[in-house]
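Participant:
In the numbering used here, the protein residues as written are 409 to 904.
See below:
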(Lines of atoms letter the chains of each structure in order from A and count residues from 1; the text may use other names and numbers.)
(Lines give C-alpha, C1' and ligand atoms only; values in the text may rest on other atoms or scores of the structure.)
Protein backbone atom coordinates (compact mmCIF):
# COMPACT_ATOMS: atom_id res chain seq x y z
CA UNK A 1 0.00 0.00 0.00
CA UNK A 2 1.41 3.35 -1.05
CA UNK A 3 2.14 5.88 1.68
CA UNK A 4 2.60 9.57 0.97
CA UNK A 5 4.89 11.49 3.30
CA UNK A 6 5.09 15.26 3.31
CA UNK A 7 7.43 17.28 5.52
CA UNK A 8 5.44 20.01 7.20
CA UNK A 9 6.22 22.33 10.07
CA UNK A 10 3.86 22.25 13.05
CA UNK A 11 2.47 25.66 12.14
CA UNK A 12 1.44 24.40 8.71
CA UNK A 13 -0.37 21.47 10.28
CA UNK A 14 -2.29 23.78 12.55
CA UNK A 15 -3.49 25.89 9.65
CA UNK A 16 -4.45 23.04 7.34
CA UNK A 17 -6.30 20.64 9.62
CA UNK A 18 -10.07 20.76 9.36
CA UNK A 19 -10.97 19.48 12.81
CA UNK A 20 -10.53 20.70 16.36
CA UNK A 21 -7.46 18.87 17.65
CA UNK A 22 -4.85 19.16 20.38
CA UNK A 23 -1.24 19.22 19.17
CA UNK A 24 2.11 18.88 20.85
CA UNK A 25 4.41 21.89 20.59
CA UNK A 26 7.67 21.40 18.70
CA UNK A 27 10.90 23.27 19.27
CA UNK A 28 11.76 26.01 16.80
CA UNK A 29 14.40 24.01 14.92
CA UNK A 30 12.67 20.63 15.02
CA UNK A 31 11.17 19.37 11.80
CA UNK A 32 8.08 17.21 12.24
CA UNK A 33 6.83 14.80 9.63
CA UNK A 34 3.13 14.33 9.06
CA UNK A 35 1.88 11.05 7.64
CA UNK A 36 -0.73 11.88 5.03
CA UNK A 37 -2.81 8.72 4.82
CA UNK A 38 -5.06 7.16 2.23
CA UNK A 39 -8.58 7.62 3.55
CA UNK A 40 -12.08 6.27 3.18
CA UNK A 41 -14.81 8.72 4.17
CA UNK A 42 -12.42 10.28 6.72
CA UNK A 43 -11.31 6.83 7.91
CA UNK A 44 -7.74 5.63 7.52
CA UNK A 45 -6.77 2.66 5.40
CA UNK A 46 -3.15 1.66 6.04
CA UNK A 47 -1.09 -1.52 6.29
CA UNK A 48 -1.56 -2.96 9.79
CA UNK A 49 0.72 -6.02 9.63
CA UNK A 50 3.42 -4.74 11.98
CA UNK A 51 6.49 -6.73 13.02
CA UNK A 52 6.42 -4.75 16.27
CA UNK A 53 2.98 -5.95 17.37
CA UNK A 54 3.07 -7.13 20.97
CA UNK A 55 6.54 -5.69 21.62
CA UNK A 56 7.83 -3.29 24.26
CA UNK A 57 7.65 -0.29 21.94
CA UNK A 58 4.00 -0.96 21.18
CA UNK A 59 3.25 -1.10 24.90
CA UNK A 60 5.10 2.18 25.41
CA UNK A 61 3.02 3.90 22.75
CA UNK A 62 -0.24 2.53 24.17
CA UNK A 63 0.73 3.57 27.71
CA UNK A 64 1.60 7.05 26.45
CA UNK A 65 -1.72 7.44 24.66
CA UNK A 66 -3.66 6.23 27.70
CA UNK A 67 -1.75 8.80 29.78
CA UNK A 68 -2.53 11.52 27.22
CA UNK A 69 1.19 12.24 26.72
CA UNK A 70 1.91 15.03 24.22
CA UNK A 71 5.06 13.28 23.05
CA UNK A 72 6.29 9.68 23.19
CA UNK A 73 10.01 9.11 22.83
CA UNK A 74 10.78 5.86 20.99
CA UNK A 75 14.28 6.72 19.79
CA UNK A 76 15.88 3.79 21.64
CA UNK A 77 14.05 1.32 19.37
CA UNK A 78 15.42 2.79 16.09
CA UNK A 79 12.25 2.05 14.14
CA UNK A 80 12.35 2.93 10.40
CA UNK A 81 9.58 5.25 9.33
CA UNK A 82 7.90 2.58 7.18
CA UNK A 83 7.72 0.21 10.14
CA UNK A 84 6.53 3.02 12.39
CA UNK A 85 3.64 3.60 10.00
CA UNK A 86 2.58 -0.06 10.26
CA UNK A 87 2.99 -0.06 14.03
CA UNK A 88 0.98 3.09 14.72
CA UNK A 89 -1.96 1.96 12.62
CA UNK A 90 -1.83 -1.50 14.16
CA UNK A 91 -2.23 0.28 17.51
CA UNK A 92 -5.17 2.34 16.24
CA UNK A 93 -7.04 -0.58 14.73
CA UNK A 94 -6.44 -3.13 17.46
CA UNK A 95 -7.09 -0.71 20.31
CA UNK A 96 -10.35 1.06 19.38
CA UNK A 97 -10.69 2.22 22.98
CA UNK A 98 -8.11 4.88 22.05
CA UNK A 99 -10.83 6.64 20.07
CA UNK A 100 -9.68 10.04 21.33
CA UNK A 101 -6.42 9.83 19.34
CA UNK A 102 -6.49 11.16 15.78
CA UNK A 103 -5.80 8.62 13.05
CA UNK A 104 -5.59 11.33 10.39
CA UNK A 105 -2.91 13.55 11.98
CA UNK A 106 0.04 11.26 12.68
CA UNK A 107 3.08 13.41 13.50
CA UNK A 108 6.62 12.36 14.37
CA UNK A 109 10.26 13.41 14.12
CA UNK A 110 13.15 11.38 12.66
CA UNK A 111 16.90 11.22 13.14
CA UNK A 112 19.53 11.44 10.40
CA UNK A 113 19.25 7.70 9.64
CA UNK A 114 15.50 7.88 8.98
CA UNK A 115 14.49 6.21 12.24
CA UNK A 116 11.59 7.71 14.20
CA UNK A 117 12.64 9.55 17.35
CA UNK A 118 9.45 10.92 18.84
CA UNK A 119 5.76 10.39 18.13
CA UNK A 120 3.60 13.49 18.74
CA UNK A 121 0.00 12.30 19.21
CA UNK A 122 -2.92 14.46 18.15
CA UNK A 123 -5.90 14.21 20.48
CA UNK A 124 -9.44 14.93 19.30
CA UNK A 125 -10.90 15.18 22.81
CA UNK A 126 -9.78 17.58 25.53
CA UNK A 127 -7.98 15.80 28.36
CA UNK A 128 -10.51 17.07 30.90
CA UNK A 129 -13.36 15.58 28.86
CA UNK A 130 -11.71 12.22 28.29
CA UNK A 131 -12.77 10.39 31.49
CA UNK A 132 -16.45 11.12 30.86
CA UNK A 133 -16.18 10.05 27.19
CA UNK A 134 -14.39 6.83 28.14
CA UNK A 135 -16.98 6.07 30.84
CA UNK A 136 -19.80 6.59 28.33
CA UNK A 137 -18.06 4.36 25.81
CA UNK A 138 -17.52 1.59 28.38
CA UNK A 139 -21.11 1.81 29.60
CA UNK A 140 -22.49 1.38 26.07
CA UNK A 141 -20.05 -1.47 25.37
CA UNK A 142 -21.22 -3.30 28.50
CA UNK A 143 -24.86 -2.88 27.50
CA UNK A 144 -24.19 -4.27 24.01
CA UNK A 145 -22.23 -7.21 25.41
CA UNK A 146 -25.27 -8.31 27.44
CA UNK A 147 -26.81 -9.60 24.21
CA UNK A 148 -23.79 -11.85 23.61
CA UNK A 149 -23.45 -12.95 27.22
CA UNK A 150 -27.03 -14.27 27.04
CA UNK A 151 -26.05 -17.01 24.56
CA UNK A 152 -23.59 -19.89 24.29
CA UNK A 153 -20.85 -20.41 21.70
CA UNK A 154 -18.48 -18.05 19.92
CA UNK A 155 -20.41 -18.22 16.64
CA UNK A 156 -23.65 -17.17 18.31
CA UNK A 157 -21.91 -14.39 20.24
CA UNK A 158 -20.22 -13.06 17.10
CA UNK A 159 -23.49 -13.25 15.17
CA UNK A 160 -25.47 -11.44 17.86
CA UNK A 161 -22.87 -8.65 18.01
CA UNK A 162 -23.15 -8.14 14.26
CA UNK A 163 -26.93 -7.95 14.61
CA UNK A 164 -26.74 -5.46 17.48
CA UNK A 165 -24.32 -3.10 15.74
CA UNK A 166 -26.49 -2.98 12.63
CA UNK A 167 -29.49 -2.19 14.82
CA UNK A 168 -27.97 0.69 16.75
CA UNK A 169 -25.69 2.25 14.12
CA UNK A 170 -26.39 3.94 10.79
CA UNK A 171 -23.92 4.52 7.99
CA UNK A 172 -23.06 8.23 7.94
CA UNK A 173 -19.91 9.65 6.36
CA UNK A 174 -20.67 13.17 7.64
CA UNK A 175 -20.69 12.34 11.37
CA UNK A 176 -17.87 13.82 13.45
CA UNK A 177 -16.62 10.54 14.93
CA UNK A 178 -17.70 8.26 12.08
CA UNK A 179 -14.31 6.53 11.75
CA UNK A 180 -14.02 5.49 15.39
CA UNK A 181 -15.52 2.80 17.59
CA UNK A 182 -16.95 5.63 19.70
CA UNK A 183 -18.85 6.92 16.68
CA UNK A 184 -20.41 3.52 16.09
CA UNK A 185 -21.16 2.57 19.69
CA UNK A 186 -22.01 5.92 21.31
CA UNK A 187 -22.91 8.38 18.52
CA UNK A 188 -24.40 5.49 16.48
CA UNK A 189 -23.14 6.92 13.20
CA UNK A 190 -20.12 5.48 11.42
CA UNK A 191 -18.43 4.45 8.19
CA UNK A 192 -16.74 1.11 7.59
CA UNK A 193 -13.76 1.89 9.82
CA UNK A 194 -16.03 2.77 12.75
CA UNK A 195 -18.12 -0.38 12.30
CA UNK A 196 -15.03 -2.60 12.01
CA UNK A 197 -13.20 -1.04 14.96
CA UNK A 198 -16.31 -1.36 17.15
CA UNK A 199 -16.76 -5.02 16.16
CA UNK A 200 -13.06 -5.64 16.74
CA UNK A 201 -13.31 -4.25 20.26
CA UNK A 202 -16.46 -6.23 21.11
CA UNK A 203 -14.87 -9.46 19.89
CA UNK A 204 -11.81 -8.90 22.07
CA UNK A 205 -14.04 -8.29 25.10
CA UNK A 206 -15.66 -11.68 24.41
CA UNK A 207 -12.31 -13.44 24.08
CA UNK A 208 -12.69 -13.96 20.33
CA UNK A 209 -9.57 -13.31 18.26
CA UNK A 210 -10.31 -10.47 15.85
CA UNK A 211 -8.20 -8.33 13.53
CA UNK A 212 -8.78 -5.44 11.16
CA UNK A 213 -8.54 -5.93 7.38
CA UNK A 214 -7.89 -3.17 4.86
CA UNK A 215 -8.73 -3.34 1.19
CA UNK A 216 -11.23 -2.12 -1.37
CA UNK A 217 -14.80 -2.90 -2.27
CA UNK A 218 -16.52 -1.66 -5.42
CA UNK A 219 -13.45 0.46 -6.10
CA UNK A 220 -13.54 2.27 -2.74
CA UNK A 221 -11.18 1.90 0.21
CA UNK A 222 -12.81 -0.37 2.76
CA UNK A 223 -12.19 -2.04 6.11
CA UNK A 224 -13.70 -5.09 7.78
CA UNK A 225 -12.74 -7.91 10.20
CA UNK A 226 -11.30 -11.39 10.37
CA UNK A 227 -12.29 -13.45 13.43
CA UNK A 228 -11.17 -16.84 14.69
CA UNK A 229 -13.88 -19.43 15.25
CA UNK A 230 -13.12 -23.05 16.09
CA UNK A 231 -9.43 -22.60 15.34
CA UNK A 232 -10.09 -21.19 11.84
CA UNK A 233 -10.25 -17.66 10.47
CA UNK A 234 -13.22 -16.12 8.66
CA UNK A 235 -14.15 -12.72 7.25
CA UNK A 236 -16.97 -10.66 8.78
CA UNK A 237 -18.13 -7.39 7.21
CA UNK A 238 -20.49 -5.53 9.54
CA UNK A 239 -20.78 -2.51 7.23
CA UNK A 240 -22.10 -4.58 4.36
CA UNK A 241 -24.46 -6.30 6.80
CA UNK A 242 -26.15 -2.95 7.48
CA UNK A 243 -28.32 -1.95 4.49
CA UNK A 244 -27.70 1.54 3.11
CA UNK A 245 -31.32 2.57 3.64
CA UNK A 246 -31.30 1.34 7.19
CA UNK A 247 -34.37 0.36 9.17
CA UNK A 248 -34.21 -1.03 12.70
CA UNK A 249 -35.37 -4.40 11.40
CA UNK A 250 -32.98 -4.58 8.44
CA UNK A 251 -29.85 -6.70 8.61
CA UNK A 252 -28.06 -8.98 6.17
CA UNK A 253 -26.06 -11.99 7.33
CA UNK A 254 -24.48 -12.63 3.93
CA UNK A 255 -21.07 -11.36 5.08
CA UNK A 256 -20.68 -13.47 8.20
CA UNK A 257 -17.98 -16.17 8.36
CA UNK A 258 -16.71 -16.03 4.75
CA UNK A 259 -13.53 -17.51 3.29
CA UNK A 260 -11.03 -15.53 1.21
CA UNK A 261 -12.59 -16.99 -1.92
CA UNK A 262 -16.15 -16.15 -0.88
CA UNK A 263 -15.44 -12.54 0.05
CA UNK A 264 -13.30 -11.95 -3.04
CA UNK A 265 -16.44 -11.75 -5.19
CA UNK A 266 -16.73 -8.07 -4.21
CA UNK A 267 -13.81 -7.36 -1.84
CA UNK A 268 -10.10 -6.97 -2.58
CA UNK A 269 -7.76 -7.56 0.38
CA UNK A 270 -4.77 -5.21 0.68
CA UNK A 271 -3.55 -6.02 4.17
CA UNK A 272 -4.66 -8.83 6.49
CA UNK A 273 -2.92 -10.48 9.40
CA UNK A 274 -4.47 -13.87 8.61
CA UNK A 275 -5.73 -15.84 5.62
CA UNK A 276 -9.13 -17.52 5.51
CA UNK A 277 -8.61 -20.46 3.14
CA UNK A 278 -11.59 -22.59 4.15
CA UNK A 279 -15.32 -22.00 3.82
CA UNK A 280 -17.36 -22.54 6.96
CA UNK A 281 -18.92 -26.01 6.72
CA UNK A 282 -21.20 -26.00 9.76
CA UNK A 283 -24.86 -25.07 10.01
CA UNK A 284 -25.28 -21.62 8.45
CA UNK A 285 -28.65 -21.06 10.11
CA UNK A 286 -28.16 -17.30 9.98
CA UNK A 287 -28.76 -17.37 6.23
CA UNK A 288 -32.44 -18.01 7.02
CA UNK A 289 -32.78 -15.11 9.48
CA UNK A 290 -34.75 -12.07 8.31
CA UNK A 291 -34.57 -9.76 11.32
CA UNK A 292 -32.37 -8.61 14.14
CA UNK A 293 -31.71 -11.14 16.92
CA UNK A 294 -32.89 -10.82 20.53
CA UNK A 295 -31.40 -12.96 23.30
CA UNK A 296 -32.18 -14.06 26.85
CA UNK A 297 -31.39 -17.06 29.05
CA UNK A 298 -29.46 -18.94 26.37
CA UNK A 299 -32.10 -18.50 23.66
CA UNK A 300 -32.01 -16.51 20.42
CA UNK A 301 -35.25 -15.04 19.04
CA UNK A 302 -35.67 -13.93 15.44
CA UNK A 303 -37.98 -13.96 12.42
CA UNK A 304 -37.04 -16.35 9.64
CA UNK A 305 -37.13 -15.81 5.89
CA UNK A 306 -40.23 -18.03 5.74
CA UNK A 307 -41.98 -15.73 8.23
CA UNK A 308 -41.76 -17.83 11.38
CA UNK A 309 -40.99 -16.42 14.82
CA UNK A 310 -38.16 -18.67 15.97
CA UNK A 311 -36.75 -19.56 19.38
CA UNK A 312 -33.31 -21.15 19.04
CA UNK A 313 -31.46 -22.88 21.86
CA UNK A 314 -27.94 -21.51 21.50
CA UNK A 315 -26.43 -24.56 23.21
CA UNK A 316 -28.15 -27.32 21.23
CA UNK A 317 -29.30 -25.56 18.06
CA UNK A 318 -32.84 -26.83 18.61
CA UNK A 319 -35.45 -24.51 17.10
CA UNK A 320 -39.10 -24.12 18.15
CA UNK A 321 -41.71 -21.74 16.80
CA UNK A 322 -43.78 -19.14 18.62
CA UNK A 323 -47.30 -18.22 17.39
CA UNK A 324 -47.64 -14.53 16.53
CA UNK A 325 -49.97 -12.10 14.75
CA UNK A 326 -48.78 -11.50 11.20
CA UNK A 327 -49.04 -8.29 9.19
CA UNK A 328 -48.39 -6.77 5.78
CA UNK A 329 -46.58 -3.48 5.22
CA UNK A 330 -48.65 -1.48 2.75
CA UNK A 331 -47.24 1.25 0.53
CA UNK A 332 -47.89 4.52 2.30
CA UNK A 333 -50.98 6.32 0.95
CA UNK A 334 -51.51 3.56 -1.60
CA UNK A 335 -53.16 0.58 0.07
CA UNK A 336 -53.52 -1.22 -3.27
CA UNK A 337 -49.85 -2.18 -3.03
CA UNK A 338 -47.67 -3.71 -0.35
CA UNK A 339 -43.97 -4.23 0.18
CA UNK A 340 -42.79 -7.76 -0.51
CA UNK A 341 -40.73 -8.02 2.68
CA UNK A 342 -41.66 -7.96 6.35
CA UNK A 343 -40.18 -5.65 8.96
CA UNK A 344 -40.69 -7.40 12.28
CA UNK A 345 -38.14 -6.97 15.07
CA UNK A 346 -38.09 -9.01 18.30
CA UNK A 347 -36.89 -7.78 21.68
CA UNK A 348 -36.90 -9.73 24.94
CA UNK A 349 -37.04 -8.61 28.56
CA UNK A 350 -37.73 -10.71 31.67
CA UNK A 351 -39.08 -13.71 29.76
CA UNK A 352 -41.42 -11.51 27.76
CA UNK A 353 -41.01 -11.17 24.01
CA UNK A 354 -42.09 -8.04 22.15
CA UNK A 355 -42.38 -7.59 18.41
CA UNK A 356 -43.82 -5.00 16.06
CA UNK A 357 -46.30 -5.12 13.23
CA UNK A 358 -46.84 -2.13 10.95
CA UNK A 359 -48.81 -0.22 13.59
CA UNK A 360 -48.66 -2.16 16.85
CA UNK A 361 -46.28 -3.67 19.38
CA UNK A 362 -47.30 -7.04 20.79
CA UNK A 363 -45.98 -8.83 23.83
CA UNK A 364 -45.91 -12.58 24.36
CA UNK A 365 -45.50 -14.11 27.80
CA UNK A 366 -42.93 -16.82 27.11
CA UNK A 367 -44.24 -18.88 30.03
CA UNK A 368 -47.87 -18.97 28.93
CA UNK A 369 -47.55 -17.94 25.28
CA UNK A 370 -50.43 -15.52 25.83
CA UNK A 371 -50.26 -12.49 23.54
CA UNK A 372 -51.56 -8.93 23.85
CA UNK A 373 -51.12 -5.50 22.28
CA UNK A 374 -49.08 -3.11 24.44
CA UNK A 375 -48.73 -0.18 22.03
CA UNK A 376 -50.63 1.18 19.06
CA UNK A 377 -49.07 3.78 16.80
CA UNK A 378 -51.08 7.01 17.04
CA UNK A 379 -53.03 7.91 13.91
CA UNK A 380 -51.25 11.28 13.94
CA UNK A 381 -47.99 9.54 13.00
CA UNK A 382 -47.42 9.73 9.24
CA UNK A 383 -45.89 6.33 8.68
CA UNK A 384 -45.63 2.70 9.77
CA UNK A 385 -43.42 0.96 12.31
CA UNK A 386 -40.33 -0.47 10.60
CA UNK A 387 -38.65 -2.07 13.57
CA UNK A 388 -38.01 -1.79 17.29
CA UNK A 389 -34.91 -2.14 19.44
CA UNK A 390 -34.13 -2.33 23.15
CA UNK A 391 -31.06 -0.65 24.66
CA UNK A 392 -30.94 -0.66 28.43
CA UNK A 393 -34.52 0.14 29.39
CA UNK A 394 -35.23 2.29 26.33
CA UNK A 395 -37.35 0.96 23.48
CA UNK A 396 -36.74 2.65 20.13
CA UNK A 397 -39.60 2.56 17.63
CA UNK A 398 -38.71 3.52 14.08
CA UNK A 399 -41.50 5.20 12.11
CA UNK A 400 -41.22 5.90 8.40
CA UNK A 401 -43.30 5.85 5.23
CA UNK A 402 -40.98 3.61 3.22
CA UNK A 403 -38.30 0.99 3.90
CA UNK A 404 -36.13 2.76 1.33
CA UNK A 405 -34.58 6.22 1.60
CA UNK A 406 -37.15 8.23 3.48
CA UNK A 407 -36.89 11.78 4.81
CA UNK A 408 -39.88 11.11 7.06
CA UNK A 409 -38.01 8.47 9.10
CA UNK A 410 -37.85 9.23 12.81
CA UNK A 411 -37.55 7.33 16.07
CA UNK A 412 -39.92 7.32 19.03
CA UNK A 413 -38.51 6.29 22.40
CA UNK A 414 -40.25 4.96 25.47
CA UNK A 415 -39.34 3.03 28.58
CA UNK A 416 -39.80 -0.74 28.54
CA UNK A 417 -41.55 -0.49 31.91
CA UNK A 418 -44.55 0.99 30.07
CA UNK A 419 -45.06 -2.44 28.51
CA UNK A 420 -44.39 -4.55 31.60
CA UNK A 421 -46.69 -5.48 34.53
CA UNK A 422 -46.64 -2.68 37.10
CA UNK A 423 -47.24 -4.96 40.10
CA UNK A 424 -44.99 -8.01 40.54
CA UNK A 425 -47.04 -11.21 40.52
CA UNK A 426 -46.62 -13.95 43.09
CA UNK A 427 -45.14 -17.21 41.79
CA UNK A 428 -47.97 -19.48 40.69
CA UNK A 429 -48.44 -22.49 38.50
CA UNK A 430 -48.30 -21.01 35.02
CA UNK A 431 -51.31 -21.71 32.77
CA UNK A 432 -50.64 -23.34 29.46
CA UNK A 433 -52.52 -23.55 26.21
CA UNK A 434 -53.11 -26.34 23.72
CA UNK A 435 -52.16 -25.53 20.15
CA UNK A 436 -55.29 -25.47 17.99
CA UNK A 437 -57.60 -25.16 21.02
CA UNK A 438 -59.72 -22.29 19.72
CA UNK A 439 -62.73 -22.87 22.01
CA UNK A 440 -60.62 -22.88 25.19
CA UNK A 441 -61.46 -26.32 26.58
CA UNK A 442 -57.76 -27.31 26.80
CA UNK A 443 -57.95 -29.91 24.03
CA UNK A 444 -58.04 -30.05 20.26
CA UNK A 445 -61.42 -31.29 18.98
CA UNK A 446 -63.51 -31.19 15.82
CA UNK A 447 -65.22 -28.13 17.33
CA UNK A 448 -61.96 -26.20 17.00
CA UNK A 449 -61.61 -27.25 13.35
CA UNK A 450 -65.14 -26.05 12.61
CA UNK A 451 -64.52 -22.67 14.27
CA UNK A 452 -61.39 -22.13 12.17
CA UNK A 453 -63.27 -23.09 9.01
CA UNK A 454 -66.05 -20.65 9.91
CA UNK A 455 -63.40 -17.97 10.48
CA UNK A 456 -61.93 -18.62 7.03
CA UNK A 457 -65.41 -18.42 5.52
CA UNK A 458 -65.88 -15.05 7.29
CA UNK A 459 -68.85 -16.42 9.23
CA UNK A 460 -67.05 -16.17 12.57
CA UNK A 461 -64.28 -13.71 13.44
CA UNK A 462 -61.55 -15.03 15.76
CA UNK A 463 -59.84 -12.46 17.97
CA UNK A 464 -56.05 -12.01 18.06
CA UNK A 465 -55.43 -14.56 20.84
CA UNK A 466 -57.53 -17.25 19.16
CA UNK A 467 -55.87 -16.62 15.80
CA UNK A 468 -52.48 -17.16 17.43
CA UNK A 469 -53.66 -20.52 18.82
CA UNK A 470 -55.20 -21.49 15.46
CA UNK A 471 -51.93 -20.86 13.61
CA UNK A 472 -50.75 -24.42 14.18
CA UNK A 473 -47.90 -24.27 11.62
CA UNK A 474 -46.54 -20.99 13.06
CA UNK A 475 -46.37 -19.17 9.74
CA UNK A 476 -48.04 -16.03 11.10
CA UNK A 477 -51.35 -16.60 9.33
CA UNK A 478 -54.50 -18.72 9.77
CA UNK A 479 -55.40 -20.51 6.55
CA UNK A 480 -56.46 -23.87 5.07
CA UNK A 481 -53.04 -25.36 5.85
CA UNK A 482 -53.81 -25.04 9.55
CA UNK A 483 -57.17 -26.77 9.09
CA UNK A 484 -55.53 -29.71 7.31
CA UNK A 485 -52.92 -30.08 10.06
CA UNK A 486 -55.56 -29.97 12.77
CA UNK A 487 -57.54 -32.70 10.97
CA UNK A 488 -54.42 -34.83 10.57
CA UNK A 489 -53.70 -34.44 14.28
CA UNK A 490 -57.24 -35.53 15.20
CA UNK A 491 -56.79 -38.57 12.92
CA UNK A 492 -53.56 -39.29 14.85
CA UNK A 493 -51.48 -39.01 11.68
CA UNK A 494 -49.27 -36.26 13.13
CA UNK A 495 -48.58 -34.49 16.41
CA UNK A 496 -48.80 -30.74 16.80
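Note that beta-carbon positions come from the ideal geometry of N, C-alpha and C, so glycine has one too.
Can you list the beta strand (DSSP E) stretches of 3 or more residues lying completely in the region 686 to 741, in chain order?
Facilitator: Whole beta strand (DSSP E) segments, 3+ residues: 702 to 704, 707 to 711, 717 to 721, 727 to 729.
Participant: On the DSSP letters alone, give me the boundaries of the beta strand (DSSP E) that residue 758 sits inside.
Facilitator: Unbroken run through residue 758: none, as it is neither H nor E.
Participant: Per DSSP, which residues does residue 796 bridge with? Please list them.
Facilitator: 805.
Participant: Curious, which full-length alpha helix (DSSP H) runs of at least 4 residues does the region 559 to 599 contain?
Facilitator: The qualifying runs are 562 to 576.
Participant: Can the beta-carbon of residue 683 be found closer than 8 Å to that of residue 641?
Facilitator: The answer is yes: Cβ separation under 8 Å.
Participant: Pairing CB atoms from the region 625 to 643 with CB atoms from the region 664 to 675, are three or more of them under 8 Å?
Facilitator: Yes: the two stretches touch, three or more of their Cβ pairs being nearer than 8 Å.
Participant: If you reduce the DSSP assignment to three classes, tell me which class residue 650 lands in.
Facilitator: Residue 650 falls in the coil class under three-state DSSP.
Participant: Residue 782 CB to nearest chain B CB: under 8 Å?
Facilitator: Note that chain B does not occur in the displayed structure, where there is just one protein chain.
Participant: In this structure, does DSSP put residue 620 in helix, strand or coil?
Facilitator: Looking at residue 620 - three-state DSSP - the assignment turns out to be strand.
Participant: Quick test of the definition: if touching needs 3 or more C-beta pairs under 8 Å, does the region 791 to 798 touch the region 808 to 818?
Facilitator: Touching, yes, given that three or more Cβ pairs across the two stretches are closer than 8 Å.
Participant: Residue 461 by DSSP, collapsed to three states: which one?
Facilitator: Correct three-state label for residue 461: coil.
Participant: Let me know the alpha helix (DSSP H) ranges lying completely inside the region 818 to 887, each 4 residues or longer, listed in chain order.
Facilitator: If we require 4 residues or more, the alpha helix (DSSP H) runs fully inside the region 818 to 887 come out as 854 to 864, 872 to 878.
Participant: Take residue 844 as the anchor and find which of 895, 737, 825 has the nearest alpha-carbon.
Facilitator: When each option's Cα is compared against that of residue 844, the closest is 895.
Participant: In the DSSP assignment, the beta strand (DSSP E) including residue 784 goes from what residue to what residue?
Facilitator: Here the beta strand (DSSP E) through residue 784 covers 779 to 784.
Participant: Using 8 Å for Cβ pairs, my map puts residue 723 next to residue 475. What's the rounded Cβ distance?
Facilitator: Contact doesn't hold; Cβ gap of about 43 Å is too wide.
Participant: Once the 5 residues before and after residue 481 are set aside, which same chain residues still bring their CB inside 6 Å of it?
Facilitator: Correct list, in chain order: 526.
Participant: Which class does residue 475 belong to by DSSP, given the choice of helix, strand or coil?
Facilitator: Of the three classes helix, strand and coil, the one that applies to residue 475 here is coil, per DSSP.
Participant: Between residue 881 and residue 889, which are expected to be in contact by the criterion C-beta below 8 Å, what is the C-beta distance as a whole number of angstroms?
Facilitator: Indeed, because the Cβ distance is near 6 Å, the residues count as touching under 8 Å.
Participant: Per DSSP, what kind of secondary structure is residue 768 in: helix, strand or coil?
Facilitator: If DSSP states are grouped into helix, strand and coil, residue 768 belongs with the strands.
Participant: Leaving out five residues on either side along the sequence, give the residues of the same chain with a beta carbon under 7 Å from the beta carbon of residue 685.
Facilitator: The answer, listed in chain order, is 667, 668.
Participant: Starting from the C-beta of residue 798, find all residues in its chain whose C-beta is less than 7 Å away, skip the five residues before and the five after it, and write them out in chain order.
Facilitator: Once the five neighbours on either side are set aside, the close Cβ partners of residue 798 are 755, 757, 824.
Participant: Quick check: residue 766 and residue 814, are their CB atoms within less than 8 Å of each other?
Facilitator: Not in contact: residue 766 and residue 814 (Cβ atoms no closer than 8 Å).
Participant: Identify the continuous alpha helix (DSSP H) that holds residue 495 and give its terminal residues.
Facilitator: Where residue 495 is concerned, the enclosing alpha helix (DSSP H) stretches over 489 to 502.
Participant: Across which residues does DSSP place residue 635 in a beta bridge pair?
Facilitator: According to DSSP, which records beta bridges pairwise, residue 635 is partnered with 618, 642.
Participant: Considering Cα atoms alone, identify which of 571, 540, 671, 592 is closest to residue 708.
Facilitator: Residue 708 has its Cα closest to that of 571, out of 571, 540, 671, 592.
Participant: Let me know the secondary structure DSSP gives residue 665 once reduced to three states.
Facilitator: Looking at residue 665 - three-state DSSP - the assignment turns out to be strand.
Participant: Exposed or buried, which one is residue 671 when buried takes at least 16 other CB atoms within 10 Å?
Facilitator: Buried, since its Cβ has 16 or more Cβ neighbours within 10 Å.
Participant: Determine the DSSP secondary structure at residue 902, reduced to helix, strand or coil.
Facilitator: Note: residue 902 maps to coil in three-state DSSP.
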